[in-house]
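Novice: Residues 1 to 37, numbered by UniProt numbering, are exactly what the sequence shown covers, in order.
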Amino acid sequence: MELNLGTQSLVAFIEDEVVDNNLSVKEIAVWLSQRQA
1 MELNLGTQSL VAFIEDEVVD NNLSVKEIAV WLSQRQA
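(1) In angstroms with no decimal places, state the Cα-to-Cα distance between residue 14 and residue 6.
(2) Assuming residue 33 is part of the alpha helix (DSSP H), what are its boundary residues?
(3) Residue 26 to residue 19, Cα distance in whole Å?
What follows is the structure, encoded as structure tokens:
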């Protein structure tokens, strides 16, 4: 399903961002809310 692929891509993206930028969970949550808006 596209949703599953999208979720997997999103998880991979978040994991990469956390490693690269040391984003906090709160920052990720804010980014997600902005992305979905």
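From the three backbone atoms N, C-alpha and C, an ideal C-beta is built for every residue, glycine too.
Specialist: In this structure, then:
(1) 12 Å
(2) 25-36
(3) 15 Å
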